[in-house]
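Undergrad: Sequence order for the protein chains is L and V.
The first sequence begins at 233 in our numbering and counts up one residue at a time.
The second sequence begins at 958 in our numbering and counts up one residue at a time.
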Amino acid sequence: NAGVMQNPRHLVRRRGQEARLRCSPMKGHSHVYWYRQLPEEGLKFMVYLQKENIIDESGMPKERFSAEFPKEGPSILRIQQVVRGDSAAYFCASSPVKGIRGGGYTFGSGTRLTVV
Amino acid sequence: KQEVTQIPAALSVPEGENLVLNCSFTDSAIYNLQWFRQDPGKGLTSLLLIQSSQREQTSGRLNASLDKSSGRSTLYIAASQPGDSATYLCAVPNDMRFGAGTRLTVKP
């Protein structure tokens, strides 16, 4: 049973380009969470999604950032017109249900985005 | 809004010492609390998940306790080893909030 799969592991983009980060949750998990971790800082919640629905996007920057979790395929975190300040590690987690009664989070290995 | 705080931010101990990492949360209406380990440049590895109905969870040299009424959890590491050096994070999954972590260094 594969864990949470994130790709790419490393992504380099020039300023102004688009970055697409993908996350495939664990089999049987229908809830996906995206977090951002700046160097030497903790994890900051960005967005919580279920299939075809954004449940909570209170941590998402208002501009340039979007997320989706389609009926088929992985969840995608998209950053348009990247700037140097977007350089960070982006982690995805999944759970079987929100509230995680019994399950807890399972995390992917992250995507490290570098904007040059 | 749930806030999670971890103290201390960094800790350095000699090998073999027993140590305690602290995590506090402001909203006691939690379902569970989860402790993670993160090595530099790596992802998060789940260590222990403690349910709100439990007081303790143990795994090897690790023991996590939970006191909902006081909004606190502790992670106890017995007989620390250099390989325990990492950042330890606590999370309240239901509120999707993490503490900033405690960076632990165990010196040989």
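The beta carbon of each residue, even a glycine, is placed where N, CA and C say it ideally should be.
Source: prediction; values computed, not measured.
Is there a Cβ from chain L that is less than 7 angstroms from the Cβ of proline 1050 (chain V)?
TA: Chain L contact via Cβ: present.
Undergrad: Residues in the region 246-268 of chain L with C-beta within 8 angstroms of chain V's C-beta atoms, listed in sequence order?
TA: Within the region 246-268 of chain L, the qualifying residues are Tyr265 and Tyr267.
Undergrad: Hey, could you find the ends of the beta strand (DSSP E) asparagine 285 (chain L) is sitting in?
TA: 285-288
Undergrad: Could you check whether the Cβ of alanine 967 (chain V) sits closer than 7 angstroms to any Cβ belonging to chain L?
TA: no
Undergrad: Could you name the residues of chain V that glutamate 273 (chain L) contacts, counting a contact when the two beta carbons are closer than 8 angstroms?
TA: Ala1057
Undergrad: Closest to alanine 251 (chain L) by CA distance: which of L:Ile311, L:Asp288 and L:Arg268 is it?
TA: Ranking the options by Cα distance to alanine 251 (chain L), first place goes to L:Ile311.
Undergrad: Less than 7 angstroms between CB atoms is the rule here; does leucine 1023 (chain V) satisfy it with respect to chain L?
TA: no
Undergrad: Residues of chain L with a CB under 9 angstroms from the CB of leucine 1017 (chain V): which are they?
TA: The sequence shown places glycine at residue 1017 (chain V), not leucine. Within chain L, no residue comes near glycine 1017 (chain V); the closest Cβ sits about 18 angstroms away, beyond 9 angstroms.
Undergrad: Exposed or buried, which one is leucine 270 (chain L) when buried takes at least 16 other CB atoms within 10 Å?
TA: exposed
Undergrad: Going along chain V, which residues have a C-beta under 7 angstroms from phenylalanine 277 (chain L)?
TA: Near phenylalanine 277 (chain L) (Cβ distances below 7 angstroms), the residues of chain V are Met1053 and Arg1054.
Undergrad: Contact between the region 238-257 of chain L and the region 295-307 of chain L: three or more CB pairs below 8 angstroms?
TA: Three or more beta-carbon pairs drawn from the region 238-257 of chain L and the region 295-307 of chain L are found closer than 8 angstroms, and the two stretches are therefore classed as touching.
Undergrad: Between glutamine 1014 (chain V) and chain L, is the shortest Cβ-Cβ distance under 7 angstroms, so that the two count as touching?
TA: no
Undergrad: Identify the contact partners of glycine 1000 (chain V) in chain L, using a Cβ-Cβ distance below 8 angstroms as the criterion.
TA: The contacting residues are Phe323, Phe339, Gly340, Ser341 and Gly342.
Undergrad: What is the rounded straight-line gap between the Cα of glycine 331 (chain L) and the Cα of tyrosine 337 (chain L)?
TA: Any reading at glycine 331 (chain L) is ruled out, since the residue's pLDDT is 49, under 50, leaving its predicted position unreliable.
Undergrad: Does glutamine 991 (chain V) get closer than 7 angstroms to chain L when you measure Cβ to Cβ?
TA: yes
Undergrad: Using a C-beta cutoff of 7 angstroms, does leucine 978 (chain V) count as contacting chain L?
TA: No - not a single Cβ of chain L is within 7 angstroms of the one on leucine 978 (chain V).
Undergrad: If we cut at 7 angstroms on Cβ distances, does leucine 1032 (chain V) have a partner in chain L?
TA: no
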